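Novice: Dumping the structure here so I can ask a few things about it.
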Amino acid sequence: MAHDRFTQLILESYFAEMQAHHHYMTMAQMAPTEEARQIMMMNAQDEHRHAEAFEKIYEELTGTEPRDTGMHMMPVNENMTFLDHVRMQLFDEYADFRKYKDMYLMTDNPEYRDTLFNAIHDEFRHAMLLTYLLN
Ligand SMILES: [Fe+2]
Ligand SMILES: [Fe+2]
């Protein structure tokens with residue numbers, strides 16, 4: 002089934018959020034301090050919530066569940082330090098922050114806009130907290 006652009010972005014975002022959740026759970030295990038661990042756990046929860054919200058939108062738009070498009074959970078690179086992961090995730094947050102703004106402007110549906118607004122806000126908080134951990 003061919004999706005329109007918005008539906009395709011929702012699908013991709015669902016998988017990206019699942020991936021982000023997985024990444025934060027991995028980082029929580031590597032965290033050097035309790036404070037850093039708690040930040041990772043909080044962000045992981047947010048990403049899981051985003052994934053569920055995008056899943057719901059996708060199901061409303063298509064009447065089907067998101068099917069795996071071949072994206073796989075990223076294997077953990079053993080050579081990367083915790084701060085390497087923080088730096089990598091920071092750029093993902095930055096990219097999502099921009100992407101969700103574009104998606105917000107693509108739809109007039111108020112519920113979808115609320116979901117995207119919440120995600121935009123959360124990704125900004127995540128990026129800010131990751132920046133804090135790099136200092
Ligand atoms: Fe997210
Ligand atoms: Fe995030």
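Heads up: the sequence shown begins at 2 in the working numbering, then just goes up one per residue.
Note that the Cβ used here is the ideal one computed from N, Cα and C, for glycine as well.
Remember, it's a predicted structure, so these values are computed and weren't measured experimentally.
With distances taken between CB atoms, is the gap from Y101 to A120 smaller than 8 Å?
Specialist: Result yes, Cβ atoms of Y101 and A120 sit closer than 8 Å.
Novice: If I'm right that L135 touches R88 with Cβ under 8 Å, what's the distance once you round it to whole angstroms?
Specialist: Indeed they touch by this definition, with Cβ atoms about 7 Å apart.
Novice: How far does the alpha helix (DSSP H) with N44 in it extend, from its first residue to its last?
Specialist: Taken as a continuous stretch (DSSP letters only), the alpha helix (DSSP H) holding N44 covers 35-63.
Novice: For D97, is the classification buried or exposed, using 16 other Cβ atoms within 10 angstroms of its Cβ as the cut-off for buried?
Specialist: It is buried - the Cβ of D97 has at least 16 other Cβ atoms within 10 Å.
Novice: Tell me which residues share the same chain as R38 and place their Cβ nearer than 6 Å to its Cβ, disregarding the 5 neighbours each side in the sequence.
Specialist: Only A29, A32 meet the Cβ criterion.
Novice: Measuring from the CB of H23, is there a heavy atom of ligand 2 at a distance below 7 Å?
Specialist: It does not: the Cβ of H23 is nowhere closer than 7 Å to a heavy atom of ligand 2.
Novice: Exposed or buried, Y133, counting other C-beta atoms within 10 Å across all chains shown (16 or more means buried)?
Specialist: The residue is exposed, with fewer than 16 neighbouring Cβ atoms inside 10 Å.
Novice: Tell me the DSSP secondary structure of M31 in three-state form.
Specialist: Three-state DSSP puts M31 in a helix.
Novice: With burial defined as no fewer than 16 other Cβ atoms inside 10 Å of the residue's Cβ, what is the status of E53: buried or exposed?
Specialist: When all chains shown are included, E53 counts as exposed.
Novice: Give the single residue among T108, F92, F125, D115 whose Cα lies nearest to the Cα of L10.
Specialist: Closest by alpha carbon: T108.
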